[in-house]
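Residue numbers (my numbering): 33 to 200.
Glycine is no exception: its CB is placed at the ideal position from the N, C-alpha and C atoms.
On a predicted model such as this, the values are computed, not experimentally measured, just so you know.
This report concerns only the one structure given below.
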Amino acid sequence: MTIDAQVLPTPTGPLSLLTHDDVLVAAGYTADPAEMHTRLPESLRALPLRQVADLGKPTQAVRDYLDGDLFALDAVALEQPGTPTRLRLLTALRAVPAGTTITYADLAEQAGLPRTAARAAGSACAQNLIAPFVPCHRILPATGNRRFGGYYYGTAVKEWLLRHEGAI
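The following block contains the structure:
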C-alpha cells in the first residue's frame, strides 16, 4: 500500500495530487508532494509516498478544470479526516458551485450550524487538505479591508482561481 503522488503544472504553479486506493486524500499548490504527505493523518503518513506518471481521474479533472470545465473537480472521489462538525463544513464547502463566493458565516449556515460558527468555518478552510477540489478559495470574509481573506497557498492563487471561475 502506498500514497501515490503526481505534480501537475498549472497557471498558478505546481499542484501536487495524492491518492490512496484511487481516492484523493490531498491536493495543494506545491512542487513537493512530501509537503502534502506530512499533513495527512498518521495512518496515511505511515504509508510510503510514490511518485507516478498519471493518477487518472484526478489528473484529468484538473486538466479539464483548467481547460474551462469548472465542475470537473466535483466528480473526483475524495476523503479527508475531521470531526463531525468539520466534515459537515467541508461537505457544505464542496457544494459551493464554481463561479460563486460566500462568506464564512454563510458556509456555517449551509452546514447546518449557526451563523456565529463562522470561526469554525474558517478553521475548516484553513485545515482543508484537498484544494482546489474542496474549494475554500470560494469563501470570502464578510467585512474588513482584506478583499480575498486568507488562503493557505496565498491570495494570488485564490484570486487566480476566482477569476478563472468568473467569480470576480
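{"Item": "Contact under 8 Å by Cβ, THR34 with LEU79", "Value": "yes"}
{"Item": "Residues that HIS196 bridges to, as DSSP identifies them", "Value": "In DSSP, HIS196 forms no bridge with anything."}
{"Item": "Through-space distance from ASP101 to VAL57, alpha-carbon basis", "Value": "22 Å"}
{"Item": "Three-state secondary structure assigned by DSSP to GLY154", "Value": "helix"}
{"Item": "Contact under 8 Å by Cβ, THR133 with ALA66", "Value": "no"}
{"Item": "Cβ neighbour criterion (16 or more within 10 Å) applied to GLY144", "Value": "exposed"}
{"Item": "Range of the contiguous alpha helix (DSSP H) that encloses ARG179", "Value": "It is not in any alpha helix (DSSP H) - ARG179 carries neither H nor E in the DSSP assignment."}
{"Item": "Contact test: LEU145 Cβ vs the ligand ADP heavy atom, cutoff 7 Å", "Value": "With respect to the ligand ADP, the structure offers nothing, as it holds no ligand at all."}
{"Item": "Alpha carbon of ILE75 to alpha carbon of ASP54, nearest angstrom", "Value": "Checking the sequence, you will find Ser at residue 75 rather than Ile. Going by the C-alpha atoms only, they are around 16 Å apart."}
{"Item": "Nearest neighbour of ALA59, chosen from LEU110, THR148, ALA127, GLY131 [CA to CA]", "Value": "LEU110"}
{"Item": "GLN83, buried or exposed, once every other Cβ within 10 Å from all chains shown has been counted against 16", "Value": "exposed"}
{"Item": "Spatial neighbours of LEU193 in its chain, beta-carbon cut-off 7 Å, leaving aside the 5 residues before and after", "Value": "PRO164, HIS169"}
{"Item": "Coil, strand or helix - ARG82 by DSSP", "Value": "strand"}
{"Item": "The region 144-164 in contact with the region 109-127 per 3-pair CB rule at 8 Å", "Value": "yes"}
{"Item": "Option nearest HIS196 by Cα separation, candidates ALA63, VAL39, ASP99", "Value": "ASP99"}
{"Item": "Rounded separation between ALA137 and GLN92 - CA only", "Value": "33 Å"}
{"Item": "Buried or exposed (CB count within 10 angstroms, at least 16 for buried), ALA150", "Value": "buried"}
{"Item": "Residues that DSSP places opposite GLN38 in a beta bridge", "Value": "LEU49"}
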